[in-house]
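Chains as they are written, first to last, in my numbering: chain A, 9 to 348; chain B, 9 to 348; chain C, 9 to 348.
The beta-carbon is built from N, C-alpha and C at its ideal position, and this holds for glycine as well.
Report on one structure; see the data block that follows.
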Amino acid sequence: MGSVDISATSAATVRVTSTGLMVDGNGSLQQLLGFVDALLRGIGQVMLQNNSYAGLLFLFGIFYNSTLFGLAVLVGTAVSTATAMLLGVDRALVRVGLFGFNGALVAIALLYFLQPDLLSWSYVVLASACTTILMAAMLHLLSVWKMPVLTAPFVFTALGFLLACARFGRLHSTHVLPTAGLPQAATVEGIVSASTVLQGTFNGVAQVFFQGNVITGVIFVIALLVSSRVACVTALLGSLTGLLVAWGMGAAEPAIRSGAFGFNAVLAAIALGGVFFVLDAASIAYAVLAAITTTIVFAATSAALQPIGMPALTFPFVLVVWLFVLAGPYFPRLRPVAAA
Amino acid sequence: MGSVDISATSAATVRVTSTGLMVDGNGSLQQLLGFVDALLRGIGQVMLQNNSYAGLLFLFGIFYNSTLFGLAVLVGTAVSTATAMLLGVDRALVRVGLFGFNGALVAIALLYFLQPDLLSWSYVVLASACTTILMAAMLHLLSVWKMPVLTAPFVFTALGFLLACARFGRLHSTHVLPTAGLPQAATVEGIVSASTVLQGTFNGVAQVFFQGNVITGVIFVIALLVSSRVACVTALLGSLTGLLVAWGMGAAEPAIRSGAFGFNAVLAAIALGGVFFVLDAASIAYAVLAAITTTIVFAATSAALQPIGMPALTFPFVLVVWLFVLAGPYFPRLRPVAAA
Amino acid sequence: MGSVDISATSAATVRVTSTGLMVDGNGSLQQLLGFVDALLRGIGQVMLQNNSYAGLLFLFGIFYNSTLFGLAVLVGTAVSTATAMLLGVDRALVRVGLFGFNGALVAIALLYFLQPDLLSWSYVVLASACTTILMAAMLHLLSVWKMPVLTAPFVFTALGFLLACARFGRLHSTHVLPTAGLPQAATVEGIVSASTVLQGTFNGVAQVFFQGNVITGVIFVIALLVSSRVACVTALLGSLTGLLVAWGMGAAEPAIRSGAFGFNAVLAAIALGGVFFVLDAASIAYAVLAAITTTIVFAATSAALQPIGMPALTFPFVLVVWLFVLAGPYFPRLRPVAAA
Numbered sequence: 009m010g011s012v013d014i015s016a017t018s019a020a021t022v023r024v025t026s027t028g029l030m031v032d033g034n035g036s037l038q039q040l041l042g043f044v045d046a047l048l049r050g051i052g053q054v055m056l057q058n059n060s061y062a063g064l065l066f067l068f069g070i071f072y073n074s075t076l077f078g079l080a081v082l083v084g085t086a087v088s089t090a091t092a093m094l095l096g097v098d099r100a101l102v103r104v105g106l107f108g109f110n111g112a113l114v115a116i117a118l119l120y121f122l123q124p125d126l127l128s129w130s131y132v133v134l135a136s137a138c139t140t141i142l143m144a145a146m147l148h149l150l151s152v153w154k155m156p157v158l159t160a161p162f163v164f165t166a167l168g169f170l171l172a173c174a175r176f177g178r179l180h181s182t183h184v185l186p187t188a189g190l191p192q193a194a195t196v197e198g199i200v201s202a203s204t205v206l207q208g209t210f211n212g213v214a215q216v217f218f219q220g221n222v223i224t225g226v227i228f229v230i231a232l233l234v235s236s237r238v239a240c241v242t243a244l245l246g247s248l249t250g251l252l253v254a255w256g257m258g259a260a261e262p263a264i265r266s267g268a269f270g271f272n273a274v275l276a277a278i279a280l281g282g283v284f285f286v287l288d289a290a291s292i293a294y295a296v297l298a299a300i301t302t303t304i305v306f307a308a309t310s311a312a313l314q315p316i317g318m319p320a321l322t323f324p325f326v327l328v329v330w331l332f333v334l335a336g337p338y339f340p341r342l343r344p345v346a347a348a
Numbered sequence: 009m010g011s012v013d014i015s016a017t018s019a020a021t022v023r024v025t026s027t028g029l030m031v032d033g034n035g036s037l038q039q040l041l042g043f044v045d046a047l048l049r050g051i052g053q054v055m056l057q058n059n060s061y062a063g064l065l066f067l068f069g070i071f072y073n074s075t076l077f078g079l080a081v082l083v084g085t086a087v088s089t090a091t092a093m094l095l096g097v098d099r100a101l102v103r104v105g106l107f108g109f110n111g112a113l114v115a116i117a118l119l120y121f122l123q124p125d126l127l128s129w130s131y132v133v134l135a136s137a138c139t140t141i142l143m144a145a146m147l148h149l150l151s152v153w154k155m156p157v158l159t160a161p162f163v164f165t166a167l168g169f170l171l172a173c174a175r176f177g178r179l180h181s182t183h184v185l186p187t188a189g190l191p192q193a194a195t196v197e198g199i200v201s202a203s204t205v206l207q208g209t210f211n212g213v214a215q216v217f218f219q220g221n222v223i224t225g226v227i228f229v230i231a232l233l234v235s236s237r238v239a240c241v242t243a244l245l246g247s248l249t250g251l252l253v254a255w256g257m258g259a260a261e262p263a264i265r266s267g268a269f270g271f272n273a274v275l276a277a278i279a280l281g282g283v284f285f286v287l288d289a290a291s292i293a294y295a296v297l298a299a300i301t302t303t304i305v306f307a308a309t310s311a312a313l314q315p316i317g318m319p320a321l322t323f324p325f326v327l328v329v330w331l332f333v334l335a336g337p338y339f340p341r342l343r344p345v346a347a348a
Numbered sequence: 009m010g011s012v013d014i015s016a017t018s019a020a021t022v023r024v025t026s027t028g029l030m031v032d033g034n035g036s037l038q039q040l041l042g043f044v045d046a047l048l049r050g051i052g053q054v055m056l057q058n059n060s061y062a063g064l065l066f067l068f069g070i071f072y073n074s075t076l077f078g079l080a081v082l083v084g085t086a087v088s089t090a091t092a093m094l095l096g097v098d099r100a101l102v103r104v105g106l107f108g109f110n111g112a113l114v115a116i117a118l119l120y121f122l123q124p125d126l127l128s129w130s131y132v133v134l135a136s137a138c139t140t141i142l143m144a145a146m147l148h149l150l151s152v153w154k155m156p157v158l159t160a161p162f163v164f165t166a167l168g169f170l171l172a173c174a175r176f177g178r179l180h181s182t183h184v185l186p187t188a189g190l191p192q193a194a195t196v197e198g199i200v201s202a203s204t205v206l207q208g209t210f211n212g213v214a215q216v217f218f219q220g221n222v223i224t225g226v227i228f229v230i231a232l233l234v235s236s237r238v239a240c241v242t243a244l245l246g247s248l249t250g251l252l253v254a255w256g257m258g259a260a261e262p263a264i265r266s267g268a269f270g271f272n273a274v275l276a277a278i279a280l281g282g283v284f285f286v287l288d289a290a291s292i293a294y295a296v297l298a299a300i301t302t303t304i305v306f307a308a309t310s311a312a313l314q315p316i317g318m319p320a321l322t323f324p325f326v327l328v329v330w331l332f333v334l335a336g337p338y339f340p341r342l343r344p345v346a347a348a
């Protein structure tokens with residue numbers, strides 16, 4: 009998201025002129041390949057990776073767990089990206105997947121909650137298009153502070169569309185989102201075992217896409233390794249940090265094992281450990297503090313949204329990274345990564 | 009609100025010098041006429057019309073439904089406008105009604121909820137004065153993005169003053185606001201008839217001032233026609249869009265008939281269909297998307313505020329128009345209306 | 009907070025070079041004295057006083073009421089100040105206590121709520137460190153409008169850390185914060201007596217540090233007198249205004265006596281009566297309106313947070329002062345105090 013690296017490895021050799029794509033004979037094939045590349049990068053950007061191979065592997069990991077969610081990610085990313093193109097958004101932004109990742113996430117979140125009938129899919133299409141408007145709005149809003157938008161459009165769109173179901177009789181809910189309705193804190197201190205820690209750490213990575221599946225988590229870790237070794241290590245450490253904080257504070261064992269306390273810390277660790285600040289001792293300490301804080305903010309957000317029955321989604325990640333990035337200029341020991 | 013057109017038709021021929029009003033002999037009469045004109049424009053600005061005839065017709069429509077609310081609008085507009093003058097606000101802003109419309113709305117909202125005794129009226133006066141401070145604060149806050157304030161000061165002041173009643177024993181509530189405590193979504197899919205659609209559409213326009221009266225809605229439509237044919241058509245289409253979305257999603261029939269799902273869409277359609285963007289095919293599509301989104305955001309806001317018993321008011325309109333205006337610069341097909 | 013007056017009376021004669029403290033032989037003693045001075049100013053800044061004697065008297069007043077809270081204030085202020093120094097924050101900001109007052113308040117708020125065991129104290133240390141990040145983030149965020157941060161970092165950190173306890177089994181709550189769970193509005197109109205008014209007024213000052221003790225309130229008033237006669241008078245008038253508004257509106261007598269309706273009005277009155285605007289007839293009227301509004305916003309915030317069981321803390325003060333300062337430039341009769 010912050011790292012708009014257009015020279016990164018690209019599956020399709022897209023050539024670009026100032027008037028758009030389509031420069032040679034079989035332009036429509038080129039266009040299609042460019043669109044597919046933008047989709048894969050959009051899926052990769054969910055974990056801040058502008059890398060189509062990582063996006064492809066994320067997609068594979070999701071399909072491994074659920075065909076429905078795999079299709080949801082494809083539709084959501086395609087709709088939000090196509091909406092951006094239709095509205096004439098600067099192609100450089102579209103091509104790196106900046107208008108795809110929020111659509112991907114909103115589609116999964118809505119289809120986790122709603123029975124997948126025709127109306128629900130229409131609702132998903134509308135919501136994915138709305139993330140594009142919200143992305144543009146927040147790019148403008150946050151440009152004042154040179155702040156990244158992160159997954160805020162997904163969080164606000166998903167909360168809005170899920171809340172609205174309470175007034176609409178034709179959308180039928182299935183069950184709650186994986187991170188909503190967390191079990192209350194354990195009265196006994198829980199029986200956290202080595203398997204809790206191992207499963208919880210990989211589930212924490214899988215839950216970034218709301219998938220509760222250890223193998224999917226392993227595939228996601230491999231996908232990160234393909235894109236960036238630093239991101240791979242910080243993601244695992246972030247997940248582990250979230251898990252250990254939750255364990256130490258006495259959170260319920262099933263919630264710890266599910267990865268619920270991990271996925272926001274995963275994203276915060278990736279963002280602050282190399283994406284927005286140059287990786288050194290100071291930024292590592294800062295990223296660890298952010299991962300710990302994110303875990304507490306996750307618990308707080310989950311509790312605050314309980315009266316309206318809503319999940320925290322990735323709001324804790326967004327809030328903590330915003331604050332830690334905003335605070336950066338006051339802390340001279342942290343060196344910001346130059347924006348591309 | 010966005011359209012500060014000082015050359016617009018004015019009932020009083022107010023001449024202005026750099027030191028204020030009062031330029032000739034019977035200055036105080038001129039001042040009074042200028043004040044009345046600012047009040048009527050303030051009432052007109054509730055639907056973004058800087059037009060004193062429209063304001064007069066809106067006032068007539070409200071008095072047709074309820075003398076109490078007619079008086080409330082007069083008092084609220086007068087207090088917020090006078091507070092602005094007392095605090096020395098730039099006369100050009102006061103004269104076009106920018107410091108009146110939030111006072112008008114807050115007075116209706118509070119008197120819908122509270123028994124109209126002396127203490128309630130004092131509370132209304134204080135709240136109307138507060139909308140003036142909030143208007144100035146938000147003009148400053150949003151100037152960074154050149155964003156319009158819309159009815160945000162009304163929404164926040166009304167929510168604050170209504171919530172505070174929970175701690176104050178001397179303010180006695182009558183019943184809930186027309187848009188609070190919406191019936192839950194229909195279990196049967198409702199029996200929406202032609203009369204639901206007709207009444208719902210006009211009620212949707214009337215509910216902009218929280219009036220549940222079809223004739224008042226018709227008078228409001230005529231008022232809009234006097235001020236702007238475009239605004240008149242977009243208002244009706246906005247109301248109809250909100251109604252159809254709610255119907256399609258399975259909302260409860262009484263809520264649809266009451267216009268509850270329409271009034272925010274009315275305002276969003278007026279704002280985006282001609283006020284902030286030049287009217288063309290792109291902006292019409294954008295306005296339709298905004299009206300649909302506003303209806304969903306209304307359902308979401310209504311559900312989110314249910315635990316604290318508060319109505320959504322015009323918050324969905326404010327939020328959606330802010331986001332759609334903020335996003336504008338990223339969409340080159342939309343041409344912004346030059347600020348006066 | 010707004011008044012960064014580095015020339016103010018200082019217990020330690022700290023000399024400063026461009027490279028930091030430590031200019032002569034016994035540098036480490038100098039450093040220690042400088043740190044103690046920063047701590048005392050930090051405590052003073054809770055009531056916007058950049059004055060170490062005021063801070064010392066505030067600390068004495070807290071210890072008079074409770075040794076636990078006295079220690080909490082010392083630890084919280086020390087941790088947040090030391091975190092700022094560790095992260096390399098500009099010494100001029102640290103020295104005047106700007107990175108201390110939020111730590112002081114968050115430590116009291118958490119230890120009021122949690123049983124003071126080792127885990128709770130660790131939680132307090134983490135929260136105090138987080139106020140420093142949040143302070144830097146909000147300084148950056150609000151610099152766009154030249155707005156003061158006030159106690160916002162305390163409010164948001166305390167709410168987050170208190171809410172998170174709902175998910176963590178090892179933190180045991182004692183009882184609610186003094187300003188949470190206010191009794192509902194009196195059904196009988198209360199039996200407010202002269203003693204209610206007298207005790208309520210001083211308790212209102214004491215509650216700025218969440219202390220429900222009249223003598224502590226008296227000590228705080230003396231502390232303000234040492235620092236600024238204007239602040240002393242406006243604080244008492246603010247407390248009295250909040251009390252009278254609550255009484256007039258029919259709030260419950262025990263809540264009035266406890267000072268719950270006063271402490272936010274105390275802070276708003278100090279801030280607007282001399283700190284951010286030059287003291288004259290216009291700013292006094294403005295400060296009175298702000299104190300009245302703050303009391304209503306306190307009632308509203310308290311009611312809004314009831315479903316999640318959270319106290320209003322000093323959020324009403326922060327919100328109202330932000331709005332009244334933001335609105336200032338539109339009201340030419342108010343003259344802003346030049347920032348140091």
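Using the three-state DSSP reduction, which class does residue i fall into: helix, strand or coil?
i, result
"LEU95 (chain B)", "coil"
"PRO344 (chain A)", "strand"
"PHE217 (chain C)", "helix"
"LEU285 (chain B)", "Per the sequence presented here, residue 285 (chain B) reads as Phe, with Leu not at that position. In this structure, PHE285 (chain B) counts as strand in the three-state DSSP scheme."
"SER74 (chain B)", "coil"
Counting only beta-carbon separations shorter than 7 angstroms, does residue i have a partner in chain A?
i, result
"VAL152 (chain C)", "yes"
"VAL97 (chain C)", "yes"
"LEU29 (chain B)", "Any reading at LEU29 (chain B) must be qualified, since the residue scores a pLDDT of 41, below 50, and its modelled position is unreliable; no value is offered."
"LEU331 (chain B)", "yes"
So that I know if they touch, is there some Cβ in chain B lying closer than 7 angstroms to that of residue i?
i, result
"MET257 (chain C)", "yes"
"THR301 (chain C)", "yes"
"HIS148 (chain A)", "yes"
"ALA145 (chain A)", "yes"
"PHE351 (chain C)", "Absent from the model: residue 351 (chain C). The displayed extent of chain C is 9 to 348, so no value can be given."
"PRO156 (chain A)", "no"
"ARG8 (chain A)", "Shown here, chain A extends from 9 to 348; a query on residue 8 (chain A) therefore has no answer."
Determine, for residue i, whether the minimum Cβ-Cβ distance to residues of chain C falls below 7 angstroms.
i, result
"VAL345 (chain B)", "no"
"LEU327 (chain A)", "no"
In the DSSP assignment, what residue or residues form a beta bridge with residue i?
i, result
"LEU122 (chain A)", "A:SER181"
Assuming the contact rule is C-beta atoms closer than 8 angstroms, residue i and residue j should be a hit. Round their C-beta distance to whole Å, please.
i, j, result
"THR3 (chain B)", "GLY267 (chain B)", "What the structure shows of chain B is the stretch from 9 to 348, and residue 3 (chain B) is not part of that stretch, so it cannot be assessed."
"ASN73 (chain B)", "ASN221 (chain B)", "4 angstroms"
Can you pull out the residues from the stretch 162-176 of chain C whose beta carbon lies closer than 7 angstroms to at least one beta carbon of chain A? GLY168, PHE169, LEU171, ALA172, ALA174, ARG175, PHE176
Could you run through the stretch 304-318 of chain A and flag, in chain order, every residue whose CB is less than 7 angstroms away from some CB of chain B? Against chain B - using a Cβ distance shorter than 7 angstroms - the residues of the stretch 304-318 of chain A are PRO315, ILE316.
Scan the stretch 233-257 of chain C for residues whose Cβ lies nearer than 9 angstroms to a Cβ of chain A and list them as they occur along the chain. none
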